[in-house]
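The block underneath contains the structure these notes are about, expressed in structure tokens.
Number of protein chains: 2
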Amino acid sequence: MGRWEPDARGRMAQAALELYLDPGYEQTTVADIAERAGVTERTFFRHFADKREVLFSGSEQFQRVVLAAIEAAPEGAPPLDAVAAGMDAAAAALQSQPDPTFPRRRAAVIAANPSLQERELLKMATLATASARALVARGAEPGEAAVAAEAAGAAFRLAFERWTTSDEPLDLRALVADGVARFRALA
Amino acid sequence: MGRWEPDARGRMAQAALELYLDPGYEQTTVADIAERAGVTERTFFRHFADKREVLFSGSEQFQRVVLAAIEAAPEGAPPLDAVAAGMDAAAAALQSQPDPTFPRRRAAVIAANPSLQERELLKMATLATASARALVARGAEPGEAAVAAEAAGAAFRLAFERWTTSDEPLDLRALVADGVARFRALA
């Protein structure tokens, strides 16, 4: 959901994001990104399959953080508690990254492009499936695991959307916790 | 999520689905679909933007059914009750369509193609947003409306996936109701 790499990958991601905001995603080529990041196109393609993937380079690390926290949750914790701990860990990591403006600018690019929105949704759906699997590995019943993973994933998505679009600085972890509490209160 | 049109649109959708299953989505052209459905390519493009959209021709009607049921829910019904009524109406409509094998075959094509999965997720996300808006129009607090809409949408998705992949015939409405009950039981 954000940027996690401080190196050449990070430079390319920053360059891409700046260009996707101005002149725009459709108007930007891989050659433009490589030039701005000071790398060759070949280097770009060693790191990313295409210009869309630049925006999703943090997805794998995001998922690793979530799954590690699910696995580290106390034995016997209810499924929703375990997966909420995963989303909290991801929120903490996103908030503490070196460039806090990256997620917000990235979100603006994605909001403006349906094909990017689709990719973001697929990544979140993949995360929910992986989270449910991790809950089942901890002993949760599959149906309950799927529902807990969907609830926590949706809580994260709604919180993230508010966090990246708010005019004032908000605490992403608090927004996620509030969202999870709302799912718990459904009646 | 399925097929709703009995006419030329429906014929094209059937032809497309048959070809997407064999020889496959990637291998099929609009010309192939038009030929099999006995129409011109021009007719195809009057109905669908591209070969991907054929599979989503029922989305608008699906959304209309959901939103109408939300609006028709008893005054004062809790948001989750109202949106669950919407998903139940959609499940009933899907189960009673003329060709009950269509959703299952369609789901198989989508499961095999990430770009189709992405589109399906975007349609469901759009539906959740529209459902939340309909709940707010009924007087729900926006945060509660969003969570109820996400929960009911996820319950539908999980139920639909089970319904379209099960070896035995299942009752989609019962699966949706069970999923909603699981969200209510989250703690």
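Protein chains in written order, with UniProt numbering: chain A, 1 to 187; chain B, 1 to 187. Cβ coordinates follow ideal geometry from the N, Cα and C atoms, glycine included.
**OP:** For residue 60 of chain A, count neighbouring Cβ atoms within 10 angstroms of its own Cβ and tell me buried if that reaches 16, exposed if not.
**Re:** Translated into the one-based positions of the first sequence, residue 60 of chain A becomes position 60. Exposed, by the Cβ-count rule.
Original post:
Can the beta-carbon of residue 176 of chain A be found less than 7 Å from the beta-carbon of residue 156 of chain A?
Top reply: Taking the first sequence and counting its residues from 1, one reaches residue 176 of chain A at position 176. Taking the first sequence and counting its residues from 1, one reaches residue 156 of chain A at position 156. In this structure, residue 156 of chain A lies closer than 7 Å to residue 176 of chain A by Cβ.
Original post:
Between residue 80 of chain A and residue 142 of chain B, what straight-line distance do the alpha-carbon atoms span, to the nearest angstrom?
Top reply: For the purposes of this step, residue 80 of chain A is taken as residue 80 along the first sequence, with counting starting at 1. For the purposes of this step, residue 142 of chain B is taken as residue 142 along the second sequence, with counting starting at 1. Roughly 23 Å separates the two Cα atoms.
Original post:
If you draw a straight line from the C-alpha of residue 190 of chain A to the C-alpha of residue 104 of chain B, how long is it?
Top reply: The structure shown does not extend to residue 190 of chain A, since chain A spans only 1 to 187, so no value can be given for it.
Original post:
Of all the residues that make up the segment 31-61 of chain B, which are near chain A by a beta-carbon distance shorter than 8 Å?
Top reply: Per Cβ criterion, the list is empty.
Original post:
Among residues of its own chain, excluding the 5 on either side of residue 93 of chain A, which ones have a beta-carbon nearer than 6 Å to its beta-carbon?
Top reply: The residue labelled residue 93 of chain A in the question sits at position 93 within the first sequence. Counting only Cβ-Cβ distances below 6 Å, and skipping sequence neighbours, we find 65.
**OP:** In the DSSP assignment, find the alpha helix (DSSP H) that holds residue 132 of chain A and state where it starts and stops.
**Re:** For the purposes of this step, residue 132 of chain A is identified with residue 132 of the first sequence, where counting begins at 1. 114-137 is the extent of the alpha helix (DSSP H) around residue 132 of chain A.
Original post:
Which same chain residues, not among the five before or five after residue 16 of chain A, have their C-beta less than 6 Å away from its C-beta?
Top reply: Stepping through the first sequence from its first residue, residue 16 of chain A is reached at position 16. Excluding residues within five positions, the ones whose Cβ falls inside 6 Å are 33 and 54.
Subject >> Cα-Cα separation between residue 90 of chain A and residue 52 of chain A, rounded to whole angstroms >> reply: Stepping through the first sequence from its first residue, residue 90 of chain A is reached at position 90. Stepping through the first sequence from its first residue, residue 52 of chain A is reached at position 52. When rounded, the distance between both Cα atoms is 22 Å.
**OP:** Whole angstroms is fine: what's the gap from residue 77 of chain B's alpha carbon to residue 160 of chain A's?
**Re:** Working through the second sequence from its first residue, we reach residue 77 of chain B at position 77. Working through the first sequence from its first residue, we reach residue 160 of chain A at position 160. Going from the Cα of residue 77 of chain B to the Cα of residue 160 of chain A covers about 29 Å.
Subject >> Among A:48, A:179 and A:116, the one whose alpha carbon lies nearest that of residue 162 of chain A >> reply: Taking the first sequence and counting its residues from 1, the one referred to as residue 162 of chain A is at position 162. It is A:179 whose Cα lies nearest to the Cα of residue 162 of chain A.
**OP:** Just the chain A side, please: which residues come within less than 7 Å of residue 160 of chain B by C-beta, in chain order?
**Re:** By 1-based counting over the second sequence, the position of residue 160 of chain B is 160. The premise fails here: residue 160 of chain B is roughly 13 Å from chain A at the closest Cβ pair, so nothing lies under 7 Å.
**OP:** Could you tell me which of B:174, B:109 and B:146 sits nearest to residue 158 of chain B, measuring between CA atoms?
**Re:** Taking the first residue of the second sequence as position 1, residue 158 of chain B is located at position 158. Of B:174, B:109 and B:146, the residue nearest in Cα terms is B:174.
Original post:
Taking Cβ to Cβ, would you say residue 118 of chain B is nearer than 7 Å to residue 110 of chain B?
Top reply: Stepping through the second sequence from its first residue, residue 118 of chain B is reached at position 118. Stepping through the second sequence from its first residue, residue 110 of chain B is reached at position 110. Against a cut-off of 7 Å, the Cβ pair of residue 110 of chain B and residue 118 of chain B comes out as no contact.
Original post:
Out of curiosity, what's the CA-to-CA distance linking residue 14 of chain B and residue 116 of chain B?
Top reply: In the second sequence, counting from the first residue as 1, residue 14 of chain B sits at position 14. In the second sequence, counting from the first residue as 1, residue 116 of chain B sits at position 116. Near 17 Å, if we compare the C-alpha coordinates of residue 116 of chain B and residue 14 of chain B.
Original post:
Does any residue of chain A bring its CB to less than 7 Å from the CB of residue 150 of chain B?
Top reply: Against the second sequence, residue 150 of chain B aligns to sequence position 150. So, interface residue.
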